[in-house]
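When you line the sequence shown up against mature numbering (1 follows the signal peptide of the UniProt record, and there is no 0), it's residues -20 to -1, 1 to 523, in that order.
Beta carbons: idealized from backbone N, C-alpha and C, even for Gly.
What follows is a single structure, written as structure tokens, with notes after it.
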Amino acid sequence: MKKKMLVLVVAVSMMMSMIAACSTKESEENNSENAAVPQNFNATGFPVVNEKVTLKLMGAKAANQGPWDQMMFFEEMERLTNIHFEFDTPDNKVFQEKKNLTFASDNLPDVFFAGSLTTFDQINYGKQGLLIPLEDLIDQYAPNFKALMDKNPAIRRAITAPDGHIYALPQVSDIIRDMMFFRTYLNAEWMEALGNPQVAQTTDELLELLKRFRDEDPNKNGKQDELPLSFLNVKNDSLNIPRTYIMPAFGVLEDRPNQSRLQVSGDKVSAVFMSEGYKEFLKYMKTLHDEKLLDPEIFTHTDQQLKAKGQEGLIGMTMHAAPFSVFKVEKPEDNEKYPLVMPLTSAMNSEKLFTPRPNITIGTFAITKNNPHPEATMRWVDYLYTTEGFMLGNQGIEGEAWKWKDDNKNEWERITPEGMNKEEFRAQNTPDIGSTIPLLKSMELNYKQNDLVNNILNKQADELSQYAKEAMPLLFLSEEEESRANILKNDLMNYIAQMEAKFVLGKESFDNWDAYVSTLKKMNVDEYVEIYQKAYDRWIATN
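Structure, rendered in structure tokens:
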């Protein structure tokens, strides 16, 4: 009997120990789960944090913008989320230098916003641990952006580094006009003065039209002061825009996503700047220069100076976002009078081609190792990938910067203070005008805007889009490839830019083209092309 009682006691004791152990394990797991969710944080709903937190933000500020700490966008986001920012906003002209110094000194902000983080930045500083991987945070706390990537796998491919991590979030746009941003326009008054001739369809027809602009005094001032063709000197790369809008007439396209100046044809990567089509394009630009059809200041003037010439009635054809950006347009509806030049063809190419801007802009947002609230920060930015976040980020607060025209929300319009320019007011409200911020830009909402100019430009972009063809997809190089490609690219692009100007201005004869190509070979251009070929082959393998 005593033996049986002893066995029973031992059995009960063991059972109690097991229950206690299970209870302890369950408690530890619950504590672990609770520890995974930070205090003062809401995984769903708003506010994101119950008690206000302050983070340091660094971003590139455009000259036309007001102070970021006074923008209704950031004020409304703070009200919604309870996250306050202290701002460091260098001018976008010096931002890259300031950003590099920030990384080098390890004096990091908590967040990069409108951060212009290159693939090299992401790989290099991600590897060093200065930028944190975002993919787990996206899975847990960014349902809107995650759904966007699931819907469009190209986004995930574009932002995933070769090590498998995501270090920065992009801006994504399905607005066609964003991809057809710069368009080619003719001066409506000059066309009327010439009897409204047919809009040029070929490079030869354009040449003849520009000669008429030069010779027939279309601005009717009795002087031969006309500038038949003038355009913006983008980032001190004066032929950047013509390479996008005129060069395709000769059968070659400009790689805009990677800015490599390479193109893919039949899965083969090649250097545009060594092709026959590029050579013919430069010859054409030289003809425009020799015939005094090209503004002699295209290599030096600013956007403000370009617009001043247009306002004075001196420009016959330009390439810009809208007619009013250059020409003196009296009424909004008059923007439609300025003829849009469709892509041209030439003797060596019969296909109308146009190089669009990428609809994915990488490196707009990142979280650094210093950020004490990465979960909350991810929830903050995820709001910008919603329709409500788009309207706030793109325009400002509903009722203060824009409003719905009807209860069914079929149409909206901007609200602009009396005597204030619409774009000036928007630049005070949000950094989306002038800076590339993390955002999902919605074509559906854009097309609902009650704005005549917006409707005109959308219609033109739709028409132009049928000719759009990508030169090369957005590629992510490995760390070693990126480092080597940047070294080669810097020297190559400087040399090419110098030679472009020399060929066009007649300071270098096309008889020396072979010597130009030979110099590129000595500068390891073949290695440069091969780096992108390997990256493209990897991209193909993942599709």
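Distance, residue j Cα to residue i Cα
i, j, result
"Asp68", "Gln446", "42 angstroms"
"Asn11", "Ser305", "Residue placement at Asn11 is flagged as unreliable, the pLDDT there being 36, under the threshold of 50; the coordinate-derived value follows with that caveat. C-alpha separation (whole angstroms): 60 angstroms."
"Val29", "Glu55", "16 angstroms"
"Asp101", "Thr82", "12 angstroms"
"Ile278", "Ser218", "6 angstroms"
"Asn132", "Glu172", "46 angstroms"
"Leu60", "Trp48", "17 angstroms"
"Glu380", "Arg157", "25 angstroms"
"Thr357", "Thr24", "13 angstroms"
"Ser255", "Tyr496", "12 angstroms"
"Leu149", "Asp275", "40 angstroms"
"Asp247", "Asn124", "34 angstroms"
"Ile436", "Arg137", "34 angstroms"
"Phe253", "Ile476", "8 angstroms"
"Glu31", "Glu115", "26 angstroms"
"Glu77", "Asp195", "46 angstroms"
"Ala141", "Gln151", "17 angstroms"
Own chain partners of residue i with C-beta closer than 6 angstroms, once the 5 adjacent residues on each side are dropped
i, result
"Glu459", "Ile103"
"Ser415", "Ala40, Ala42 and Ala94"
"Ala515", "Leu455 and Leu457"
"Gly257", "Phe230, Gly231 and Val232"
"Pro113", "His145"
"Asp283", "Leu212"
"Lys308", "Gln291"
"Ser3", "Note on Ser3: pLDDT 40, under 50, position unreliable in the model; the coordinate value appears next. Correct list: empty, nothing qualifies."
"Lys482", "Glu488"
"Glu9", "Per-residue confidence for Glu9 stands at a pLDDT of 41, beneath the threshold of 50, marking its modelled position as unreliable; no derived number is given."
Residue from the options with nearest C-alpha to residue i
i, options, result
"Asn409", "Asn30, Phe26 and Met52", "Met52"
"Leu444", "Leu500, Lys32 and Leu324", "Leu324"
"Asp362", "Ser330, Arg137, Gln291 and Pro418", "Pro418"
"Ala451", "Asp506, Ser245, Tyr496 and Leu186", "Ser245"
"Pro27", "Lys36, Glu58 and Gln50", "Glu58"
"Phe334", "Phe483, Arg236, Pro177 and Asn504", "Arg236"
"Leu500", "Val433, Met479, Gly369 and Lys487", "Met479"
"Leu186", "Thr280, Met297, Lys78 and Met159", "Met297"
"Glu188", "Asn124, Ile155, Lys272 and Lys248", "Lys272"
"Ala168", "Glu115, Val321 and His64", "Val321"
"Leu420", "Leu97, Lys332 and Leu128", "Leu128"
"Leu111", "Ile226, Asp86, Ser330 and Thr522", "Asp86"
"Glu424", "Met38, Asp154 and Ala148", "Asp154"
"Ser240", "Asp517, Gln513, Arg518 and Ala521", "Gln513"
"Ile511", "Arg223, Leu242, Pro89 and Asp119", "Leu242"
"Ile63", "Arg359, Asp506 and Ala346", "Arg359"
"Ser326", "Thr182, Thr367, Met265 and Val249", "Thr182"
"Pro453", "Glu403, Arg337, Asn438 and Glu378", "Arg337"
Contacts around residue i, its chain only, beta-carbon distance under 7 angstroms, and the 5 residues preceding and following it disregarded
i, result
"Glu355", "Pro18, Phe21, Leu117 and Tyr121"
"Asn430", "Lys385, Glu391, Trp392 and Glu393"
"Asp517", "none"
"residue 548", "Outside the modelled stretch of the chain, which goes from -20 to 523, sits residue 548, for which no answer is possible."
Paired residues, beta bridge with residue i - DSSP
i, result
"Lys215", "None; Lys215 has no bridge partner."
"Ile63", "Val33"
"Ser153", "Lys421"
"Tyr165", "Thr298 and Leu320"
"Phe253", "The partner list for Phe253 (beta bridge, DSSP) is empty, contrary to what the question assumes."
"Leu242", "Ala251"
"Ala134", "DSSP output for Ala134 lists no bridge partner at all."
"Leu174", "Per DSSP, none; premise fails for Leu174."
"Trp382", "Glu378 and Arg394"
8 angstroms CB neighbourhood of residue i in its chain, flanking five on each side removed
i, result
"Lys259", "Phe490 and Trp493"
"Asn504", "Leu468"
"Val91", "Leu35, Lys36, Leu37, Met38, Phe65, Phe345, Ala346, Ile347, Thr348, Asn351 and Thr357"
Buried/exposed call for residue i, threshold 16 Cβ in 10 Å
i, result
"Glu398", "exposed"
"Lys215", "exposed"
"Ser463", "exposed"
"Asp442", "exposed"
"Lys287", "buried"
"Asn466", "exposed"
"Ser422", "buried"
"Asn339", "buried"
"Lys502", "exposed"
"Leu432", "exposed"
"Gln204", "exposed"
"Pro411", "buried"
"Asn351", "buried"
"Val33", "buried"
"Ile520", "exposed"
"Val484", "buried"
CB contact below 9 angstroms: residue i versus chain D
i, result
"Met358", "Of the protein chains in this structure there is only one, and it is not chain D."
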